[in-house]
Every structure is written in C-alpha cells, then in structure tokens.
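J.: My structure is below; once you've seen it, I'll send some questions.
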Amino acid sequence: MKYTVAVILTDPKQPGKFLSVKRPSDDPDLCDEWGFPATSMQPDELPEDCARRICRIKLGCDAEPKRFLGLMFQKRNSYNIFLMDIEMEVVNSTQPDVHKADTTQTQYVDQQWTDDPMVQMPSARKGSCCSSIFLTDRGLLDRDEWIASLEGSDLVG
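The end of the sequence shown is residue 150 by our numbering, with every number in the run present.
So, in structure tokens, the structure goes:
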C-alpha cells in the first residue's frame, strides 16, 4: 500500500493556468502521459509537507498548499495506492523546471503551463488517479462513470 500525493501547481502570475508534467517512456503505469507530479508520503509526513517536498525536489520551486481537491483508492499493477490531489501555489520567483529535478524517483521529461484541463483526459482514461481527481473537480469527468469504465479492465485488478 502506498499513500501518495499529487500536486496541481498554480502560479499567481499566470491566472487560470496549471503545470502539467510528462511521464517518461519507461514509466510502468502511465508511460508518455501528461499528468501531475506525485510521490509517496514518508512515514509520519503530513500530506501538505509531502506536496511541498514534491515541489522542491521534483520541480525545483517553493509552493504552499491552497486547496485539497480529492482522494482516490486504486489497485495498480504491483501495488495499491491512496492518492490525493493538493493544489499548490508558487510562492517565490523560482519557476518549476522538471529538467533540474533532484530526484531518484520518477524524473519527468517535459512540462507545460496550460489552462486546458483536457490535456489530462488521456491519462485519466488510462487510469491516472491524479488526472481523474482533477478533472472531476473541474466538472469534466463523472467519477462514478470513470470507475465503472475501469471495472473488469486490466488497468485495475
């Protein structure tokens, strides 16, 4: 079981936009898909502290939590996760850069600031919790319909 946090990063200098990151081609679950930066929580770590760590280590920026978007449980290929989305806001002039990440975990291969939430739909359709929570929050995905579409598929088991 993994307890995981994903970050929906916003910037007050870019109202309405959020940061989307591209997963590497060797990612076992969602290769080459656009999603959100995420990581597993450490023992005794609060979710908002995990979200700050994601921003610092995987994006190279400082950010503060603004809003909890949702929580989802999912069976993955080799483990189960509880994943939550937390909206974070950049708090200083250092902009995120996945290419400068200081991480031994997933190294994202690209990033984009966008105001189009539909860039997350392909990964949601492939089973991405973070994208699904985000799209549900935006009113673009019905959570019950999404879960029903996965039942019996090889994406969950």
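Using N, Cα and C, we set each Cβ at its ideal position, and we do this for glycine too.
Which word fits L151, buried or exposed, when buried means at least 16 other C-beta atoms lie within 10 angstroms of its C-beta?
T.: An answer regarding residue 151 cannot be provided, because it is not within the stretch -6 to 150 covered by the chain.
J.: Would you mind reading off the limits of the beta strand (DSSP E) that contains P58?
T.: Within the sequence shown, numbered from 1, the residue matching residue 58 stands at position 65. First-last of the beta strand (DSSP E) with P58: 56 to 68.
J.: Using CA coordinates, which residue listed in T3, P110, Y72, D19 is at the minimum distance from C48?
T.: The count along the sequence shown starts at 1 and reaches residue 48 at position 55. With distances taken between Cα atoms, C48 lies closest to T3.
J.: Go to I126, then tell me how far its alpha helix (DSSP H) extends in each direction, as first and last residue.
T.: In the sequence shown, residue 126 corresponds to position 133, counting from 1. Counting along the chain, I126 sits inside the alpha helix (DSSP H) bounded by residues 122 to 130.
J.: For P40 versus M77, is the C-beta spacing smaller than 9 Å?
T.: Taking the sequence shown and counting its residues from 1, the one referred to as residue 40 is at position 47. Taking the sequence shown and counting its residues from 1, the one referred to as residue 77 is at position 84. Contact flag set, yes.
J.: Exposed or buried, what is S18 when buried is set at 16 or more other beta-carbons lying within 10 Å of its beta-carbon?
T.: For the purposes of this step, residue 18 is identified with residue 25 of the sequence shown, where counting begins at 1. Exposed, because fewer than 16 other Cβ atoms sit within 10 Å of the Cβ of S18.
J.: Please list the terminal residues of the continuous beta strand (DSSP E) segment that includes D42.
T.: As a first step, residue 42 is located in the sequence shown; it is residue number 49 there, counting from the start. D42 -> not in any beta strand (DSSP E); alpha helix (DSSP H) instead, spanning 40 to 46.
J.: Beta carbon of T(-3), beta carbon of T99: below 9 Å?
T.: Residue mapping note: residue -3 aligns to position 4 of the sequence shown, counting from 1. Residue mapping note: residue 99 aligns to position 106 of the sequence shown, counting from 1. Between T(-3) and T99, the C-beta spacing is not below 9 Å.
J.: Over the uninterrupted alpha helix (DSSP H) stretch that includes S116, give me the two end residues.
T.: Here residue 116 is taken as the residue at index 123 of the sequence shown, counted from 1. It spans 114 to 118 - the alpha helix (DSSP H) in which S116 sits, taken as one unbroken run.
J.: Going by CA-CA distance only, name the one from T87, L128, M81, T96 that's closest to S116.
T.: Looking up residue 116 in the sequence shown gives position 123. The shortest Cα separation from S116 among T87, L128, M81, T96 belongs to L128.
J.: For C24 and R16, I'd like the C-alpha separation in whole angstroms.
T.: For this step, residue 24 is matched to residue 31 along the sequence shown. For this step, residue 16 is matched to residue 23 along the sequence shown. About 6 Å.
J.: Within its chain, find whatever has a CB closer than 7 Å to the CB of R184; leave out the 5 residues flanking it on each side and keep chain order.
T.: Residue 184 lies beyond the stretch modelled for the chain, which goes from -6 to 150, so this question has no answer here.
J.: Do C122 and I74 come within 9 Å of each other at the CB atom, strictly closer than that value?
T.: Walking along the sequence shown from the start, residue 74 turns up at place 81. Walking along the sequence shown from the start, residue 122 turns up at place 129. Yes; because the gap between Cβ atoms is below 9 Å, this pair is in contact.
J.: Checking 9 Å against the spacing of the C-beta atoms, do T96 and I126 come in under that value?
T.: The residue given as residue 96 occupies position 103 in the sequence shown. The residue given as residue 126 occupies position 133 in the sequence shown. Going by C-beta atoms, T96 is not nearer than 9 Å to I126.
J.: Give the C-beta separation of P89 and C54 to the nearest angstrom, bearing in mind that I take them to be a contact with Cβ-Cβ under 8 Å.
T.: As a first step, residue 89 must be located in the sequence shown, where it is residue number 96. As a first step, residue 54 must be located in the sequence shown, where it is residue number 61. Rounded, the Cβ-Cβ distance is 4 Å, consistent with contact.
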